[in-house]
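Asker: Next up is a structure, given as structure tokens.
4 protein chains.
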Amino acid sequence: MPGNVFGSFFRVMTWGESHGKAVGAVIDGCPPGMALLEADIQALLDRRRPGKGPASTQRAETDTVQILSGIFEGLTTGTPISLAIPNKDAKPGSYEAFSRLYRPGHGDYSYEKKYGIRDWRGGGRASARETAARVAAAGVAKKLLERHNISVSSYTVEMGGIVANERDMAQVDQNPFACPDFAAAGQIAQRVEEVKKLGDSIGGIVEIVAKGLPAGLGEPVFDKLDAKIAHALMGIGAVKGVEIGAGFGAARLTGSTNNDPIAPEGFLSNHAGGILAGISSGQDIVARVAVKPIPSISIQQNTVTVDKEPTTLSVTGRHDVCAIPRINVVCEAMIMLVLADALLAQHALGIAPRSAK
Amino acid sequence: MPGNVFGSFFRVMTWGESHGKAVGAVIDGCPPGMALLEADIQALLDRRRPGKGPASTQRAETDTVQILSGIFEGLTTGTPISLAIPNKDAKPGSYEAFSRLYRPGHGDYSYEKKYGIRDWRGGGRASARETAARVAAAGVAKKLLERHNISVSSYTVEMGGIVANERDMAQVDQNPFACPDFAAAGQIAQRVEEVKKLGDSIGGIVEIVAKGLPAGLGEPVFDKLDAKIAHALMGIGAVKGVEIGAGFGAARLTGSTNNDPIAPEGFLSNHAGGILAGISSGQDIVARVAVKPIPSISIQQNTVTVDKEPTTLSVTGRHDVCAIPRINVVCEAMIMLVLADALLAQHALGIAPRSAK
Amino acid sequence: MPGNVFGSFFRVMTWGESHGKAVGAVIDGCPPGMALLEADIQALLDRRRPGKGPASTQRAETDTVQILSGIFEGLTTGTPISLAIPNKDAKPGSYEAFSRLYRPGHGDYSYEKKYGIRDWRGGGRASARETAARVAAAGVAKKLLERHNISVSSYTVEMGGIVANERDMAQVDQNPFACPDFAAAGQIAQRVEEVKKLGDSIGGIVEIVAKGLPAGLGEPVFDKLDAKIAHALMGIGAVKGVEIGAGFGAARLTGSTNNDPIAPEGFLSNHAGGILAGISSGQDIVARVAVKPIPSISIQQNTVTVDKEPTTLSVTGRHDVCAIPRINVVCEAMIMLVLADALLAQHALGIAPRSAK
Amino acid sequence: MPGNVFGSFFRVMTWGESHGKAVGAVIDGCPPGMALLEADIQALLDRRRPGKGPASTQRAETDTVQILSGIFEGLTTGTPISLAIPNKDAKPGSYEAFSRLYRPGHGDYSYEKKYGIRDWRGGGRASARETAARVAAAGVAKKLLERHNISVSSYTVEMGGIVANERDMAQVDQNPFACPDFAAAGQIAQRVEEVKKLGDSIGGIVEIVAKGLPAGLGEPVFDKLDAKIAHALMGIGAVKGVEIGAGFGAARLTGSTNNDPIAPEGFLSNHAGGILAGISSGQDIVARVAVKPIPSISIQQNTVTVDKEPTTLSVTGRHDVCAIPRINVVCEAMIMLVLADALLAQHALGIAPRSAK
């Protein structure tokens, strides 16, 4: 089926291209009776806004969300919530140079092969701008999760090859890279400046943590909670890897060190990342994603035209040096959509408590 | 929705517990007119069989698959293909000791929280035995992919901390760890013996490669081909991480090194792992999974009873030292299910070629 | 998507052909902790058995259901429940005459056009035998509905043109046509004998009633509860029409007579058939289906061979004169599957009661 | 799952309330490369507009559709097509009288029971205004069907108890009731005037015909093409019955008269309504729906307040006397959505033609 829908219970469909009229999302399945204002959504959306740090572009978008349906007297009604974010700063003309060639690292070639046509204006649907609609939808999921005392946060644990060794959460809001390590943040700032001068770009690793989740969420077999999280996070354009708990590190441990012992007061470690056999254990859920470097760089690259003629490309427009930290809130958003869905799923199941009838 | 269905077009539902009567799969959506014998499926299933190497148990199961429907005169009819694999070696009694405690690293605790009841006989539905049904279903997908000249293979690139530096594919069938590095395979054999003596277990990393895929498969946004692959692979019990192409390594590269340049003869590198913006580029698809160490170990572990009393546990029954190499074919199986589904999806789309009508 | 799955929460996939090894169903999403025996399912299945009345064939099938998974110590575990019913009386050879022609009123021609291949043994997947698997699955749904005090029943309101004017429910089990009108049942018996002698067949109308449903079940817009019921009932092979409440009769009423007035003690009539704007009102749900005459008749019919040559056909094997009353339990079964699904859906929604937070 | 999505391949999600900011639809899965203008959609939408005949209200809405995404240089791109129709004539205040009582025949009571909250402004999401979004989405489906030479039309075969005995298609556009019988149309005009004076309302029966469909569309078992059509049509608010081909009349025929004989030149009759065993036969698809009388009438009705106090209600605002003929285009729209989906589904299946490989 077409890929623009996420979730089964808390179901989100997004639409819109980078340089079209707007991007948007429709949420079907949000429980009724929940207070919801545009400001609730806007707060999350503002965290994704460009132009906030040295690694981001200066695209001057306010990204103002409008609620078009599903609210009555300030409360959700259980009917679809339609959200739209007009594209105010669209300049499609500036992309005309790319209409006849394939940008390396972008979806230009694969989209053309899939659809036989592609909207080359800023990547069209393949643009990271599409994630604004996801974040808006997650603004609604966040309200639902808050009712259940579930919170999701994220921070940068590696950027441009510089590893954050500290986990000082007070630091995360104090530097433009959302890095919980003061010293590392300083080194990252230098790295960003170097890379910017070279016209190149960098990637990194983001860690996302969900707190307050009850044990028992998720499904067995194919739709394990970690499988859904992997699906959600790998569906973000720049993400090339996802790991849960000890992740790739677990491959190097023995069973006796990787297993989390259980005591009357709870689990004594969390190599599992809060998920056992695909179902939440009640511990924090911990996931990490590998973010590739931004493919649009001003360094000259070899490519071909749509007629397969060799050519070169240097992307000179506004582009971030790194998808971090703007991508961090997108990662949180996707986790929120997964958890809202899992929460409603579990309630559906819960109607028949054990009995011998 | 309940999690026992995979795929939309080539749709598989699996059922069965480790020590129940059987495990099985029903495939809805297999195209008609395709020759299919039980032997086609059995060949793949035999690769998953235990007792074939030093890292595996001696559970003496033949795992014989039966086709119960969907075939007429040796050809698929387009109707559901029901597959069943009887559980011949079920000894539920041997698990009775675990009925009142939670095994660390297993789903005992989380399943009980989700369902309020759990089948403790060998882990029930959470047992790796469940994957036999996935592999059987993939036996059907494999036939479909072969028609399109798509093949999927796998090999072990790390096990017990020992890294395979060579990629000599001729070696893969020559050692019991499916390792493409002769020297590494020897070291792994030693490591396995050591760990076995200690009553401990190990994990590793498996790489899966799909060849022959046309460009244009996959969906945009949420259901990117890599998102589906991550979903599929992370849904295997022991998997804690998934990466595509350069994966976590991409986080440390610059854009100028990570981008795959394009020449008239094709892409000049494959950091992308065959997927651009979620859609296949026609290059090989390359994925890697982190496999955690087997949680069942004979070394004594701390845990609690269902009444939250502290206790200890030593698992003495038959258990693999490592999920590798038995898990390798399960990884291939999941990739095959993803690709069969993507192939049918693309055909659905392809009915309206570009025109100006 | 392929059409062999029904429901989203209480999800059923069926498989099997008329003269294959077995027919079966897998239920994914049944709540855990529910007592379930094969006998619970068998009771419903026995009501569908042939050979019980003058209008039915003498196919001597016991139709014994086996539970293959999903039960532990007599209780459902929340994992898939796999049900199989072996085909004991399969005689595919007797259908060989039909392998080269298209039977009028059957799916022979349309299946061949769809799939390019068809299993001509008794209609294969298009046989009414397929409904045994639906009834078995409904045996599980029935247990779930009983917990919520919801019951579903049915009776014949017209057969062979003879209309039941009485609604004496005590009569339904007293005649072989499940007719609530003693006098009409007598006339139907005569009509059946006449038609049998002529080698012809008849149809009729079945009414299904669901009692005990709470108000508030169903979804708005596309998946209204009546839309789901229509989907469910029209998906039974012989059904050519579905109506709810006053149904086609409502088209002839004025608003002032069709509207059901509301009083403090409840609705004063039930033209709506228990559903308002697609959502249950708490009144009885009332649906009726038009059942076409059995297409297999011994009277000679004109048709063509697969090579488009004219030929004639006279079906001499065992065939019912009327799908009623065997189809009645299939209608009940489909309604039960719809209601089980709607019940779980509503619980998913219900987690966030109104608040001004 | 929430009920605001229709279709699997050609998937439509609608949103919006009667007196909110707008109603809209997002289409995910429309094939790329198809020319599409707002005018294409507008043409269909204009047929649904109120105020065009004596049986309709004078609500002065232009219902102008906007395409917000999914189009590039006048062609579909394969990405979601977002459509919005602003609500220009919303006067929520005029409904305040209904905020504290339940209107008979409306969803007020059932929505409140389901959601615990309801948008009483003109019925909110339960208003027939919601169907504008369906018709807009069908405007896109229509373009797809036209490429395959499939057309869908409808006409009124009964209204206010007056039956159309003629099928003179040239008449359909010549009278305000879309009736193919000149004499009947005259009688209907008189009936409408009488009913309007009484402050009452009427219903009727609409027949929908699809021409040009290839044989082989539809799915077996649960998702038969007629089951999907029943689902689609019964999901329209005012519809209380659906029949295919001979429909309820088939219940009174014998097999020898109801079966459609087959000759070398094709089927010799069409009691089946173009569908055999749930799959299209290549004949015209013929469906009929029973439309209930409009529940909003100025005749005084008994009901209760939300506090269960008896009260009376007389609806004096603008309301149609009959949902026909405005509902006719909605019926066509739903059939178009079903057929577009079935068409894409069949192409997905068709990739593996019969072979003995």
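Residue numbers (the numbering used here), protein chains in the order written: chain D, 2 to 358; chain G, 2 to 358; chain V, 2 to 358; chain Z, 2 to 358. All residues carry an ideal CB built from backbone N, CA and C; glycine is no exception.
(1) Any idea what DSSP makes of Y156(Z), helix, strand or coil?
(2) Determine, using beta carbons only, whether A165(D) comes closer than 8 angstroms to chain G.
(3) Could you pull out every unbroken beta strand (DSSP E) segment of at least 3 residues lying fully inside the segment 300-350 of chain Z, listed in chain order?
(4) Going by DSSP, what residues sit across from T15(V) in a beta bridge?
(5) In whole angstroms, give me the CA-to-CA distance for V13(Z) and L350(D).
(6) Pick out whichever of R192(G), E194(G), M160(G), E195(G) has its Cα sitting closest to the Cα of A179(G).
(7) To the nearest angstrom, report how far apart G71(Z) and G21(D) are at their CA atoms.
(8) For L84(D), does the three-state DSSP call read helix, strand or coil?
(9) Here's a check: name, in chain order, each residue in its chain whose Cβ is nearer than 8 angstroms to the Cβ of M35(D), leaving out the five neighbours to either side.
(10) Taking Cβ to Cβ, would you say F73(D) is nearer than 8 angstroms to F223(G)?
(11) Nearest chain V C-beta to G25(G) closer than 8 angstroms, yes or no?
(12) Which residues in chain Z have a C-beta closer than 7 angstroms to the C-beta of F10(G)? List them in chain order.
(13) What's the C-alpha gap between R355(Z) and E333(G)?
(14) With 16 as the cutoff for other CB atoms within 10 Å, does M2(Z) come out buried or exposed?
(15) Is there a C-beta anywhere in chain Z that falls below 8 angstroms from the one on R119(D)?
(16) Closest to T313(V) by C-alpha separation, out of A98(V), S9(V), M235(V), would be which residue?
(17) Round the Cβ separation of A251(D) and K198(G) to the nearest angstrom and send it over; I've been treating them as touching at under 8 angstroms.
(18) For Q67(D), name the three-state secondary structure that DSSP assigns.
(19) Give the single residue among E113(V), F268(V), I325(V), I336(V) whose Cα lies nearest to the Cα of R50(V).
(20) Does T65(D) have its Cβ less than 8 angstroms from a Cβ in chain G?
(21) Anything in chain G within Cβ reach of N5(V), meaning under 9 angstroms, just list it in chain order.
(22) Are the beta-carbon atoms of N271(Z) and V290(Z) separated by less than 8 angstroms?
(23) Tell me the residue span of the alpha helix (DSSP H) that contains G187(D).
(24) With DSSP as the reference, label I280(V) as helix, strand or coil.
(25) Do T255(Z) and S299(V) have their CB atoms nearer than 8 angstroms?
(26) Hey, is Q188(V)'s beta-carbon within less than 8 angstroms of any beta-carbon in chain Z?
(27) Spell out the partners DSSP gives L218(Z) in its beta bridges.
(28) In chain order, which continuous runs of the beta strand (DSSP E) of length 3 or greater are located wholly inside the segment 109-182 of chain Z?
(29) Let me check understanding here. Comparing Cα to Cα, which of L214(V), V164(V), H232(V), K225(V) lies closest to V207(V)?
(30) By the three-class DSSP mapping on this structure, what secondary structure does G21(Z) have?
(31) For a contact meaning CB atoms closer than 8 angstroms, what does G17(D) contact in chain Z?
(32) How should N259(Z) be labelled, buried or exposed, when 16 other C-beta atoms within 10 angstroms of its C-beta is the threshold for buried?
(33) Can you list the residues of chain D that M235(G) reaches, using a CB-CB cut of under 8 angstroms?
(34) When the cut-off is 8 angstroms and only beta carbons count, does I352(D) lie next to chain Z?
(35) In whole angstroms, what separates the C-alpha of K89(D) from that of L38(D)?
(36) Excluding the 5 residues flanking K225(D) on each side, which residues of the same chain have their C-beta closer than 8 angstroms to its C-beta?
Answerer: On the basis of the coordinates in this document:
(1) Strand at Y156(Z).
(2) no
(3) 302-305, 311-314
(4) A26(V)
(5) 27 angstroms
(6) M160(G)
(7) 9 angstroms
(8) strand
(9) L76, T77, K144, L145, R148
(10) no
(11) yes
(12) Chain Z residues near F10(G): A349.
(13) Its pLDDT being 38, under 50, R355(Z) is placed unreliably in this model, and the value from its coordinates should be taken loosely. Each residue's Cα considered, the two are about 27 angstroms apart.
(14) buried
(15) yes
(16) Nearest neighbour of T313(V) by Cα position, chosen from A98(V), S9(V), M235(V), turns out to be A98(V).
(17) Not quite, the Cβ-Cβ distance comes to about 22 angstroms (not below 8 angstroms), so this is no contact.
(18) strand
(19) I325(V)
(20) no
(21) The answer, in chain order, is R12, V27, D29, G30, T80, P81.
(22) no
(23) 183-199
(24) strand
(25) No.
(26) no
(27) None, per the DSSP bridge assignment.
(28) Restricted to the segment 109-182 of chain Z, the beta strand (DSSP E) segments that are unbroken, complete and at least 3 residues in length are 152-160, listed in chain order.
(29) V164(V)
(30) coil
(31) L69, S70, P81, S83
(32) buried
(33) Against chain D, the beta carbon of M235(G) has neighbours under 8 angstroms at K225, D227, A228, I230, A231, H232, V243, I245, listed in chain order.
(34) Here I352(D) scores only 45 on pLDDT, less than 50, and its place in the model should not be relied on; the value that follows carries that caveat. No - not a single Cβ of chain Z is within 8 angstroms of the one on I352(D).
(35) 22 angstroms
(36) G219, I276, A278, G279, I280
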